[in-house]
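For the working numbering, add 196 to where a residue sits in the sequence shown, where the first one is 1.
Note that beta-carbon positions come from the ideal geometry of N, C-alpha and C, so glycine has one too.
If you're wondering where the values come from, they're calculated on a predicted model, not measured in any experiment.
Please read the structure below before turning to the comments.
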Amino acid sequence: LIANIEATAVSWFGDRDGMLTILTEGGTPPFQYSLDNQNFIGNNTLIGLEGGNYNIFIRDVNGCQFLTTAVIGEPAELIVDAGLDDTIIFGDSIQLAAAVDNQQGLVEYVWEAPYDGTLSCNECEKPFASPEFTIDYEIYVIDENGCDATDRIRIFVDKPKLAVVPTGFTPNNDGMNDKLLVHGRPGTQVLLFQVFDRWGEMVYSDADFPVNDPDRGWNGAFRDQMLNSGVFVWSLTVRHEDGSEEILKGQTTLIR
Numbered sequence: 197l198i199a200n201i202e203a204t205a206v207s208w209f210g211d212r213d214g215m216l217t218i219l220t221e222g223g224t225p226p227f228q229y230s231l232d233n234q235n236f237i238g239n240n241t242l243i244g245l246e247g248g249n250y251n252i253f254i255r256d257v258n259g260c261q262f263l264t265t266a267v268i269g270e271p272a273e274l275i276v277d278a279g280l281d282d283t284i285i286f287g288d289s290i291q292l293a294a295a296v297d298n299q300q301g302l303v304e305y306v307w308e309a310p311y312d313g314t315l316s317c318n319e320c321e322k323p324f325a326s327p328e329f330t331i332d333y334e335i336y337v338i339d340e341n342g343c344d345a346t347d348r349i350r351i352f353v354d355k356p357k358l359a360v361v362p363t364g365f366t367p368n369n370d371g372m373n374d375k376l377l378v379h380g381r382p383g384t385q386v387l388l389f390q391v392f393d394r395w396g397e398m399v400y401s402d403a404d405f406p407v408n409d410p411d412r413g414w415n416g417a418f419r420d421q422m423l424n425s426g427v428f429v430w431s432l433t434v435r436h437e438d439g440s441e442e443i444l445k446g447q448t449t450l451i452r
């Protein structure tokens with residue numbers, strides 16, 4: 197009793213569609229076949245097998261038994277790597293790029309996001325992402341053999357908020373620090389800027405202008421009179437790039 201084994205490899209890594217076909221010679225039929233030497237069947241085709249090494253037990257009607265081995269091949273696992281998590285500044289974009297290993301033939305890429313509008317394209321290899329909030333993207337790939345794989349990447353969105361008023365200014369017409377200006381990150385809008393003296397009287401007010409505007413600031417005058425040196429309190433309401441609003445307060449020194 198001898199046998200020849202025809203092994204059919206699985207379609208892709210981890211699948212269970214491998215097959216063994218056992219062709220016997222000699223012995224006395226009918227034959228029975230087993231992979232564990234305990235459970236025998238009369239069909240010479242064993243299906244639904246995963247990749248790996250197998251012992252095949254063959255037994256004829258007289259109890260004569262033959263043992264042989266076979267290997268069911270298995271493609272290497274398809275792997276996709278979406279890359280390391282990354283951080284961008286609010287308003288910026290980043291290009292996503294997935295790396296694929298062990299693919300067979302051409303690969304299709306599909307990027308998925310929890311909400312629409314942040315990717316330049318979904319069914320492409322390297323889309324640009326422009327999220328306004330920290331977000332997870334999932335990449336799904338499938339090759340010509342039907343093997344698929346997924347991975348995720350998280351993009352953190354940093355929202356720096358910066359609006360400041362100097363602690364002092366010198367309105368002496370020398371071209372340096374002559375006005376009390378509001379400085380900050382470009383894109384920040386001043387909704388209201390007010391300055392008060394030590395008795396609480398408002399000596400300056402302005403509204404609706406961008407930060408860093410050299411023409412929008414206090415020159416140290418009140419009612420067309422230049423004020424003396426002293427400490428003044430300011431209040432500032434701004435709207436940041438992400439639409440959030442913030443009220444800031446502090447003091448500055450007018451230096452003559």
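Contact under 8 angstroms by Cβ, residue i with residue j
i, j, result
"Phe-352", "Thr-330", "yes"
"Ser-230", "Phe-253", "yes"
"Ala-205", "Ile-268", "yes"
"Val-361", "Leu-376", "yes"
"Glu-273", "Lys-357", "no"
"Ser-316", "Pro-310", "no"
"Asp-339", "Val-303", "yes"
"Pro-410", "Gln-385", "no"
"Thr-448", "Trp-430", "yes"
"Arg-452", "Ser-425", "yes"
Length of the line joining the Cα atoms of residue i and residue j
i, j, result
"Tyr-400", "Glu-328", "36 angstroms"
"Glu-246", "Glu-202", "15 angstroms"
"Thr-467", "Phe-227", "Only positions 197 to 452 of the chain appear in this structure, which leaves residue 467 out of reach."
"Asp-281", "Gly-210", "28 angstroms"
"Arg-435", "Gly-383", "9 angstroms"
"Gly-223", "Thr-264", "15 angstroms"
"Asn-235", "Arg-255", "11 angstroms"
"Asp-232", "Tyr-336", "38 angstroms"
"Leu-387", "Asp-404", "5 angstroms"
"Gln-390", "Asp-370", "24 angstroms"
"Ala-417", "Leu-423", "6 angstroms"
"Val-306", "Phe-286", "25 angstroms"
"Glu-221", "Glu-308", "55 angstroms"
"Phe-428", "Asp-420", "17 angstroms"
"Asp-374", "Trp-414", "8 angstroms"
"Gly-313", "Ala-266", "52 angstroms"
"Ala-293", "Ile-275", "14 angstroms"
"Ile-284", "Met-398", "40 angstroms"
"Asn-408", "Gly-439", "18 angstroms"
"Asn-368", "Phe-392", "20 angstroms"
"Pro-249", "Ala-295", "Here residue 249 is Asn; the residue named in the question, Pro, does not match the sequence. Approximately 31 angstroms, taken between the alpha carbons."
Spatially closest choice to residue i from the options, by CA coordinates
i, options, result
"Asp-344", "Pro-271, Asn-415, Gly-279", "Pro-271"
"Thr-363", "Lys-445, Val-337, Gly-279", "Lys-445"
"Ser-289", "Thr-449, Val-257, Asp-354, Val-303", "Asp-354"
"Gln-300", "Gly-342, Glu-319, Asp-332, Ile-335", "Gly-342"
"Thr-217", "Gly-238, Trp-208, Gly-396", "Gly-238"
"Asp-402", "Leu-302, Ile-243, Thr-433", "Thr-433"
"Val-378", "Ile-349, Arg-412, Met-398", "Arg-412"
"Asp-277", "Arg-350, Ala-417, Ile-451", "Arg-350"
"Glu-321", "Thr-314, Gln-291, Asp-312", "Gln-291"
"Tyr-214", "Ile-243, Pro-225, Glu-221", "A quick correction: the sequence has Gly, not Tyr, at residue 214. The shortest Cα separation from Gly-214 among Ile-243, Pro-225, Glu-221 belongs to Ile-243."
"Cys-260", "Met-372, Leu-197, Asp-332, Asn-368", "Leu-197"
"Asn-298", "Asn-251, Ala-325, Trp-208", "Trp-208"
"Tyr-333", "Glu-437, Gly-396, Gly-279, Val-296", "Gly-279"
beta-carbon residue i near the ligand FMN non-hydrogen atom, thresh 7 angstroms
i, result
"Ala-295", "This structure does not include the ligand FMN; it has no bound ligands of any sort."
*asked:* What ranges does the beta strand (DSSP E) occupy inside the region 287-337, keeping only unbroken runs of at least 3 residues that lie completely in it?
replied: If we require 3 residues or more, the beta strand (DSSP E) runs fully inside the region 287-337 come out as 295-297, 303-308.
_Runs of 3 residues minimum, wholly inside the region 212-300: which ones carry the beta strand (DSSP E) assignment?_
As far as the region 212-300 is concerned, its whole beta strand (DSSP E) runs of at least 3 residues are 214-221, 228-230, 241-245, 248-255, 261-268, 275-277, 282-285, 295-297.
_Unbroken stretches of the beta strand (DSSP E), 3 residues or longer, contained in the region 330-414_ = Runs of beta strand (DSSP E) with 3 or more residues, each lying fully within the region 330-414, are found at 331-339, 344-354, 385-392, 398-402, listed in chain order.
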